[in-house]
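Below: the structure, in structure tokens.
Residue numbers (my numbering): 6 to 91.
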């Protein structure tokens with residue numbers, strides 16, 4: 006996350022204070038030992054993002070809406086993400 010934010014500053018002149026960081030669905034404890042969501046949120050805050058939104062959604066605990074490699078033992082589909090410059 007920090008490398009992406011710094012690259013956006015360098016390459017596009019983006020101001021982190023004007024950026025929106027959105028953390029979408031991902032695996033979260035207790036379904037995984039590492040709390041990736043908490044670390045990503047910490048990194049976004051440390052880089053000074055102006056607005057941070059956490060969906061709070063866990064891919065492992067919601068089989069109706071999300072694939073989960075861990076839950077489905079490798080039988081999964083794929084998720085999609087977009088970065089945009091407004």
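Cβ atoms here follow ideal geometry from the backbone N, Cα and C, with glycine treated the same way.
CA nearest to the CA of residue i, picked from the options
i: residue 20; options: 82, 54, 69 and 81; result: 54
i: residue 9; options: 59, 45 and 33; result: 45
i: residue 35; options: 23, 79 and 66; result: 66
Proximity of residue i and residue j at Cβ, strictly below 9 Å
i: residue 86; j: residue 29; result: yes
i: residue 62; j: residue 75; result: no
i: residue 7; j: residue 56; result: no
Alpha helix (DSSP H) segment containing residue i, residue limits
i: residue 77; result: Careful: residue 77 lies outside any alpha helix (DSSP H) and carries neither H nor E.
i: residue 49; result: 41-51
i: residue 11; result: 7-17
According to DSSP, residues forming a beta bridge with residue i
i: residue 26; result: 57
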